[in-house]
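Protein chains: 4
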Amino acid sequence: MSDGFNHEVFLSPFTWRYGSDEMRRLWSLAHTRRLWRRIWVALARVQRQAGLVTAEQVADLEAHQDQIDIERALTLEEDLKHDLMAEVHTYAEQAKIGGAIIHLGATSMDVEDNADALRLRECLTLTAQRVADVLLALAERIEQEAGTVCMAFTHLQPAEPTTIGYRLAFTAQDFLADYERLRQLAASVKGKGFKGAVGTSASYHELLRGTNLSTREFEAALMGALGLEAFEVTHQTYPRRQDWDILNALAGVAMTAYKFAFDLRLLQSPPIGEWREPFGSRQIGSSAMPFKRNPIHAENVDSLARYVAALPQIAWENAAHHLLERTLDDSGNRRVILPEAFLAVDEILLRTLRLVRGLQIERAAVERNLRQYGVFAATERVLMEAARRGGNRQALHEIIRQHSLTAWAAVQSDQPNPLADLIAQDEHIRAYLSAEEAQALLDASAHVGDAPARARALAERIRAAIALAPR
Amino acid sequence: MSDGFNHEVFLSPFTWRYGSDEMRRLWSLAHTRRLWRRIWVALARVQRQAGLVTAEQVADLEAHQDQIDIERALTLEEDLKHDLMAEVHTYAEQAKIGGAIIHLGATSMDVEDNADALRLRECLTLTAQRVADVLLALAERIEQEAGTVCMAFTHLQPAEPTTIGYRLAFTAQDFLADYERLRQLAASVKGKGFKGAVGTSASYHELLRGTNLSTREFEAALMGALGLEAFEVTHQTYPRRQDWDILNALAGVAMTAYKFAFDLRLLQSPPIGEWREPFGSRQIGSSAMPFKRNPIHAENVDSLARYVAALPQIAWENAAHHLLERTLDDSGNRRVILPEAFLAVDEILLRTLRLVRGLQIERAAVERNLRQYGVFAATERVLMEAARRGGNRQALHEIIRQHSLTAWAAVQSDQPNPLADLIAQDEHIRAYLSAEEAQALLDASAHVGDAPARARALAERIRAAIALAPR
Amino acid sequence: MSDGFNHEVFLSPFTWRYGSDEMRRLWSLAHTRRLWRRIWVALARVQRQAGLVTAEQVADLEAHQDQIDIERALTLEEDLKHDLMAEVHTYAEQAKIGGAIIHLGATSMDVEDNADALRLRECLTLTAQRVADVLLALAERIEQEAGTVCMAFTHLQPAEPTTIGYRLAFTAQDFLADYERLRQLAASVKGKGFKGAVGTSASYHELLRGTNLSTREFEAALMGALGLEAFEVTHQTYPRRQDWDILNALAGVAMTAYKFAFDLRLLQSPPIGEWREPFGSRQIGSSAMPFKRNPIHAENVDSLARYVAALPQIAWENAAHHLLERTLDDSGNRRVILPEAFLAVDEILLRTLRLVRGLQIERAAVERNLRQYGVFAATERVLMEAARRGGNRQALHEIIRQHSLTAWAAVQSDQPNPLADLIAQDEHIRAYLSAEEAQALLDASAHVGDAPARARALAERIRAAIALAPR
Amino acid sequence: MSDGFNHEVFLSPFTWRYGSDEMRRLWSLAHTRRLWRRIWVALARVQRQAGLVTAEQVADLEAHQDQIDIERALTLEEDLKHDLMAEVHTYAEQAKIGGAIIHLGATSMDVEDNADALRLRECLTLTAQRVADVLLALAERIEQEAGTVCMAFTHLQPAEPTTIGYRLAFTAQDFLADYERLRQLAASVKGKGFKGAVGTSASYHELLRGTNLSTREFEAALMGALGLEAFEVTHQTYPRRQDWDILNALAGVAMTAYKFAFDLRLLQSPPIGEWREPFGSRQIGSSAMPFKRNPIHAENVDSLARYVAALPQIAWENAAHHLLERTLDDSGNRRVILPEAFLAVDEILLRTLRLVRGLQIERAAVERNLRQYGVFAATERVLMEAARRGGNRQALHEIIRQHSLTAWAAVQSDQPNPLADLIAQDEHIRAYLSAEEAQALLDASAHVGDAPARARALAERIRAAIALAPR
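So the sequence lines, in the order shown, correspond to chains A, B, C and D. Position one of the first sequence corresponds to residue 2 (this note's numbering), numbered consecutively onward. Position one of the second sequence corresponds to residue 2 (this note's numbering), numbered consecutively onward. Position one of the third sequence corresponds to residue 2 (this note's numbering), numbered consecutively onward. Position one of the fourth sequence corresponds to residue 2 (this note's numbering), numbered consecutively onward.
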């Protein structure tokens with residue numbers, strides 16, 4: 002097999018369109034082989050301690066460790082029908098002295114499964130970094146907009162005012178939860194250890210008989226060299242619930258990004274028109290429809306997030322059906338769902354970062370909506386204050402209601418909202434409140450409660466959380 | 002156990018809040034017992050033909066067929082640990098003469114599984130009727146609004162004009178597909194037939210030995226009496242893919258309703274403001290926020306639809322894991338997912354019917370949006386026509402672009418859209434088009450292509466499809 | 002970008018490991034371009050009828066239709082940021098005469114979406130053929146094994162006998178349903194037609210003004226040329242429920258294959274040991290564990306099937322959220338789920354075909370299990386017959402129960418099952434039945450009811466269904 | 002509405018069939034009302050501190066707190082169309098003095114959402130206790146069976162020996178992860194706090210103006226009284242990702258139980274026959290098929306687990322679509338998925354507990370399988386040892402392979418496995434190993450590595466983890 006694939010065959014979008022090169026390399030066949038060789042070298046070193054192999058053999062393996070030759074390995078695999086054994090042979094052809102002791106006494110799954118765990122940790126770490134980038138960008142925007150008042154929408158209906166920073170803080174709070182989960186998983190991801198065909202270590206007992214190492218010490222030395230903890234109990238593989246945990250963490254990131262991107266799509270709809278995706282300068286001005294800017298990045302984020310959301314279910318089934326000491330019905334789909342989940346989330350985060358950094362706030366639209374809708378909610382404050390000063394609550398309520406209907410009719414006909422003036426000038430209201438007092442109460446922008454403070458507090462918490470984390 | 006359950010325990014919303022009484026009865030324990038007894042009577046009648054039982058026995062069973070006594074049956078079940086056998090005993094206590102021959106020679110699953118198929122057909126038929134009701138309501142609205150021009154939105158951005166009828170026709174086309182699928186399933190739902198413990202009919206061979214009926218004739222007579230086709234091949238139960246097919250059909254209905262309801266939620270958002278849920282007269286006027294009407298029915302439709310969408314996956318797993326001649330790992334969840342899917346869809350359709358019938362079109366908002374956004378898209382027609390008459394395409398494009406930017410700035414500041422006037426009065430445009438010509442080309446409402454005709458054609462197709470169907 | 006991708010990056014298993022080259026080509030970028038060009042040529046031909054373009058232009062486009070140049074197109078796309086427009090330019094560079102009229106008056110989605118429909122039909126047809134291959138192989142095995150008696154298992158417990166052919170017929174009946182669904186979809190898949198940006202055909206009205214073609218005639222001519230029906234009503238794209246229908250059909254195939262493969266995995270477990278995957282001759286004899294043959298192909302089928310089962314949910318969400326006249330949040334994940342679903346099912350079917358054709362029946366194990374377990378179920382026939390001849394049912398039942406316990410203890414200690422002899426020699430039984438009569442009744446293999454006949458009938462139905470189908 | 006529902010309507014199996022009464026009560030309407038009243042009393046007490054209400058009012062509310070009257074509340078709801086307001090009125094009718102200040106200044110969602118959080122914590126705590134019960138039962142069985150050697154199966158093929166305790170430890174390790182996750186969630190579940198309609202606390206700012214409490218202090222006092230932390234940032238509700246986290250934790254429990262139950266179903270299949278569900282004494286002996294005991298509890302566990310596994314996806318969609326400051330499309334399905342997930346898991350855990358406690362080990366079958374299959378794997382040890390002592394590896398391998406084939410043929414014909422004898426007596430082997438040495442190496446039961454030690458270590462870890470936890 003030649004080593005090139007072109008556009009005459011199916012190429013996954015994750016091969017070239019979505020995700021970073023960095024993540025794509027982690028999921029390459031070549032990287033798999035690098036991880037295997039790293040484990041074989043570690044194995045040989047520990048076997049050297051046990052007196053099972055020689056220093057020369059170890060040194061030879063070390064010398065050839067980086068010499069990945071996929072083409073040769075795939076050629077050998079055609080005959081051997083076993084990818085790991087083909088790599089053993091490829092490596093052995095290169096390392097004439099140490100070749101014979103590669104994989105000595107090991108079970109394939111001891112190498113493959115620990116390699117999987119190492120890779121998953123690399124991917125979790127990279128993903129956590131990307132979330133950190135998004136969080137820092139969010140923190141900055143939150144602080145900038147902590148006090149920028151805008152209408153909040155419940156049921157897609159304008160409700161009371163909030164601030165843009167506080168709305169962003171909601172997203173950031175979710176991303177922070179994602180970040181902490183990813184970091185926790187990166188710190189706690191475990192390998193199978195070295196426990197043989199069914200997890201009992203029986204074959205290593207044979208191997209180590211007469212040496213100075215127990216199976217426990219042997220495993221501890223090896224896992225120490227790999228910097229990876231092992232599960233206490235495994236069967237042929239590590240418990241597949243770990244895959245499910247990881248996919249859930251990725252689905253969590255996807256969920257947070259999905260909500261943010263969907264909100265952006267709504268807010269970018271011209272009748273609301275408050276937010277916009279950053280727009281390339283080349284793209285500007287090409288159209289006779291100046292408002293028409295499709296939120297294609299946000300749509301893409303949502304599209305990929307939807308894909309990611311479906312994957313934990315598959316991992317659940319894999320773990321649930323890992324019959325007795327394992328079956329292989331996880332293998333085929335793990336080749337798809339693990340890389341594609343990480344690559345999809347990679348793309349999601351890279352796009353989200355650009356969206357957050359470049360998010361355009363259309364201040365005029367924000368203010369227009371606040372003007373149009375904010376005052377309605379604020380009438381309750383006028384009512385409360387006038388009642389407190391002795392007004393008849395029911396009568397005042399009816400007056401306000403009538404003005405509200407009039408005002409809404411004006412708004413519907415593209416007129417500016419007259420409600421504040423109608424109320425401030427109403428004689429029944431003026432019996433209790435001056436026009437200035439009424440206008441002040443009706444100023445929506447003054448009534449956002451703790452939103453700015455809470456937004457800022459969250460931004461600080463983000464910076465603290467990320468500062469603490471070793472990168 | 003007393004026969005009442007109250008609000009001190011968990012009561013599913015499908016027991017009292019969601020779904021119709023009609024559908025709720027079909028999923029009652031009492032109805033299950035009625036179906037079982039119907040099958041036992043049919044069984045006795047055919048066994049009478051075969052000379053295995055007497056006319057008196059059959060007549061006795063017929064006389065007591067409707068005497069369902071759940072309380073007694075549940076008491077007996079406590080001892081017997083078998084719900085079907087408990088019902089046999091309950092029935093036998095009532096039918097002193099025929100009691101001994103109830104269930105003669107049958108396997109539990111022959112009774113239970115055919116009863117399930119009968120019930121599923123009843124539910125499919127009822128659901129299809131509800132979809133038909135929605136479709137007829139839609140057809141009426143489509144015809145009313147076939148020519149009502151409004152802005153179409155792609156990417157939530159105003160694009161070109163369409164008509165409200167045509168937009169509704171999209172939903173109706175999907176519901177029509179749902180309707181046809183439901184009717185097809187109702188017509189083709191099959192029972193297990195009478196094939197014994199593993200589907201071979203071996204026990205009926207024993208039973209019928211020496212009678213005038215073969216097992217094939219026996220099954221045909223029985224299924225004929227029940228009006229139900231049987232699968233040719235079964236194991237202990239009918240193939241569970243049938244459940245999956247049915248749940249998919251329900252998920253299809255849920256999908257169509259979901260999109261319609263989501264669109265409604267968007268269109269009811271005041272900045273767009275074109276559609277509204279019907280609003281009870283008691284609810285009106287209570288608020289100082291006259292625009293604020295939460296689309297709670299549409300939200301509920303979407304919420305329940307989301308539940309229904311998750312259920313086919315469970316049925317897939319049931320069918321896929323029906324190991325060898327069957328296992329029982331479908332049983333527990335089928336008690337939940339089948340009734341709840343039908344009841345959720347029942348509620349969805351009842352609400353959708355009210356939404357369609359009572360859908361309020363806010364004509365002023367429709368026209369405002371058309372005015373604000375429609376003219377931008379229409380500038381392309383001016384460009385094309387002016388170019389056709391000899392204008393320099395590129396120069397004209399730039400002129401239009403400048404006017405568009407000016408117009409959009411005005412719209413953003415709550416001004417009426419000046420674009421049509423700017424273009425119609427522009428001297429470079431007037432070199433090729435009169436102001437009247439330009440205004441005509443810029444009138445969005447004149448450019449909805451086939452939308453009205455296609456909408457009407459679909460309404461007709463709906464009426465024809467439903468008229469054809471036997472109800 | 003060079004046109005080769007190698008194993009230093011992520012390559013989907015569907016790029017090289019799973020699925021056929023034939024299916025892989027259908028999902029290549031190159032094939033997409035071929036479909037687009039086919040549509041552009043059809044478009045030009047119909048525009049020629051309408052007098053909008055010249056015969057020379059059409060001929061030039063035809064001459065260069067097959068000259069796909071992905072490398073050039075991708076280079077252009079880097080600037081244009083639009084894949085379809087990049088292809089227009091690539092094609093136009095080749096076709097100097099017709100280049101200017103490529104895509105004349107069309108909307109991108111009119112080309113892309115109809116191309117999608119054409120490809121989906123090709124894939125459905127190929128998949129249906131693969132199912133047909135499996136069905137014919139099954140029909141042959143069913144006929145061979147229609148009368149081969151084996152134990153049936155319910156709850157994974159030996160129950161009554163059935164036949165291997167009948168068990169296979171269950172799988173075949175499900176595949177036949179899949180086949181019919183796939184063929185029906187292949188016959189009914191619809192394109193968007195040519196309806197412009199929001200489905201109203203407004204832009205084609207402009208284009209065709211003054212020609213001899215109405216928009217309806219224009220669309221009909223074009224779709225006729227493509228051999229594809231169009232939806233009556235669309236928005237910017239065809240209704241995305243079509244994707245969901247197709248993915249459900251594929252999930253159905255996956256479900257059927259999953260059950261078959263899972264059954265095989267169970268039956269290949271040595272303690273049961275009745276079925277085996279075909280085993281390459283090179284693989285044989287390498288092991289000291291002659292019974293140990295991992296059912297890796299069946300495991301792989303199940304693994305990929307589990308992936309396919311998760312995908313319809315994503316398509317449901319896409320269709321349900323296709324807000325108003327469409328949003329783009331389907332686009333990103335459709336690039337993944339459509340090709341990967343077809344390629345996974347392709348692999349599943351190719352493996353299933355090999356499994357069915359090469360399925361090894363371990364006759365000795367089949368008979369051993371029948372001997373060990375079949376006789377227990379058969380004791381009921383002895384009981385019934387002895388009772389019919391005047392025996393005391395209760396007393397005889399107890400006698401049989403005692404013998405059964407004795408026999409089971411023997412079986413548990415690796416002894417042959419003595420039950421038939423114990424019963425046939427029992428004096429209380431002999432009072433009613435001769436030893437020969439008892440042995441005959443206890444012969445499980447004589448009691449498989451209609452299983453052989455029904456199995457054969459199904460095989461015939463398969464042949465008839467496939468013979469009827471045009472390939 | 003009368004307060005009883007009977008079997009003439011749909012009654013969810015979770016109303017009467019599945020789950021404990023304890024869990025069922027937590028999800029009753031009555032319990033909801035109790036939680037609301039608890040919050041209202043807490044609210045009044047804090048408002049008393051702020052000087053907004055009187056001590057008499059608070060005392061009156063406390064006096065009537067427990068007087069839940071669902072019937073009255075539902076009657077009022079018919080008019081009010083608002084369940085929380087109906088409860089306010091019901092309570093107010095009872096508390097003549099304090100009635101007027103119930104819910105003073107609060108938003109419905111402040112009461113409902115915090116009540117939800119309180120209930121979720123109660124349910125998480127109860128579920129964690131149930132997992133702890135299962136874990137302690139497992140620990141006991143693990144210790145009992147830590148050294149009981151049995152065959153391990155990979156790919157459902159006998160592989161090497163392991164111990165029953167070690168196999169159980171795998172399940173226990175997963176349940177321990179579930180337990181820790183549940184306890185962590187129970188400890189960290191957060192409420193919305195008291196933040197008003199859009200999460201800004203603006204309305205509480207008004208309410209508290211002029212009092213001695215800031216909104217922060219007010220919220221802190223209230224949440225302190227409820228013993229519940231609040232999210233720092235919320236919109237109208239707490240972030241719905243919390244529901245998703247909780248459902249994932251439940252799906253985790255379901256996954257662990259699923260695998261255990263599926264393993265049990267496999268091991269209970271008579272040809273393997275090693276494990277059995279506990280069997281009621283009344284059930285024993287009724288059958289002439291003494292081996293036939295359907296694992297109905299394990300099947301039920303798997304069935305319900307499959308349902309639970311599908312629910313997190315719904316919660317994901319709810320959280321992802323909680324548009325802007327919230328929409329209500331979570332509400333309808335949350336009434337279903339939250340209670341049903343907890344009740345299903347409750348049933349799963351209660352059954353799992355019975356399965357673990359009553360798990361029957363069929364020692365004869367365990368030993369038979371070990372005898373039949375264990376020796377094959379052990380031949381490798383003979384080979385290694387003989388080679389170590391100078392034997393020709395390749396020649397010896399062929400000898401062993403021949404004996405293995407002979408032995409397997411014997412096993413297939415229901416004969417005891419002769420392999421150990423064949424090898425021990427083989428003269429080529431005896432050149433290097435005495436018969437005793439060979440037999441010793443071939444004794445599978447001596448080769449289970451660390452399995453017993455690791456199993457015991459896990460049992461200890463379980464006891465320690467649970468002893469630490471406050472109950």
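Note that beta-carbon positions come from the ideal geometry of N, C-alpha and C, so glycine has one too. Predicted, not measured: the structure shown is a model, and the values here were computed from it.
Whose C-beta lies closer than 8 Å to the C-beta of residue i among residues of the same chain, with five residues either side of it excluded?
| i | result |
| --- | --- |
| residue 81 (chain B) | 87 and 90 |
| residue 241 (chain C) | 316, 319, 320, 323 and 331 |
| residue 283 (chain C) | Residue confidence is low: residue 283 (chain C) scores 48 on pLDDT, short of 50, so the model does not pin down where it sits. No coordinate-derived value is stated. |
Check whether the Cβ of residue i lies closer than 9 Å to any Cβ atom in chain A.
| i | result |
| --- | --- |
| residue 409 (chain B) | yes |
On the premise that residue j lies in contact with residue i, defined as a C-beta separation below 8 Å, what is that separation, rounded to the nearest angstrom?
| i | j | result |
| --- | --- | --- |
| residue 350 (chain C) | residue 135 (chain C) | 6 Å |
Measuring only between beta-carbons, confirm whether residue i sits less than 9 Å from chain D.
| i | result |
| --- | --- |
| residue 283 (chain C) | Low local confidence applies: a pLDDT of 48 at residue 283 (chain C) is under 50, so the model's placement there is unreliable, with the coordinate-based value given in what follows. Cβ-Cβ to chain D under 9 Å: no for residue 283 (chain C). |
Can you find the residues in the same chain that come closer than 6 Å, C-beta to C-beta, to residue i, ignoring five residues on each side of it along the sequence?
| i | result |
| --- | --- |
| residue 366 (chain A) | 274 and 275 |
| residue 271 (chain B) | 292 |
| residue 124 (chain C) | 27 and 343 |
Does the beta carbon of residue i come closer than 9 Å to any beta carbon on chain B?
| i | result |
| --- | --- |
| residue 446 (chain A) | no |
| residue 222 (chain C) | no |
| residue 89 (chain C) | no |
| residue 412 (chain A) | yes |
Between the alpha carbons of residue i and residue j, how many angstroms are there, rounded?
| i | j | result |
| --- | --- | --- |
| residue 343 (chain C) | residue 206 (chain C) | 38 Å |
| residue 118 (chain B) | residue 229 (chain B) | 8 Å |
| residue 195 (chain C) | residue 267 (chain B) | 27 Å |
| residue 346 (chain B) | residue 6 (chain C) | 48 Å |
Looking at the C-beta of residue i, does it have a partner C-beta in chain C at a distance below 9 Å?
| i | result |
| --- | --- |
| residue 286 (chain A) | With a pLDDT of only 39 at residue 286 (chain A), under 50, the local geometry of the prediction cannot be trusted, and no value is derived from it. |
*Evaluate the contact criterion for the stretch 352-370 of chain A versus the stretch 26-38 of chain C: three or more CB pairs, one atom per stretch, below 8 Å.*
no
*Say whether the stretch 175-187 of chain D touches the stretch 383-398 of chain D, bearing in mind that this needs 3 or more beta-carbon pairs closer than 8 Å, one atom from each stretch.*
no
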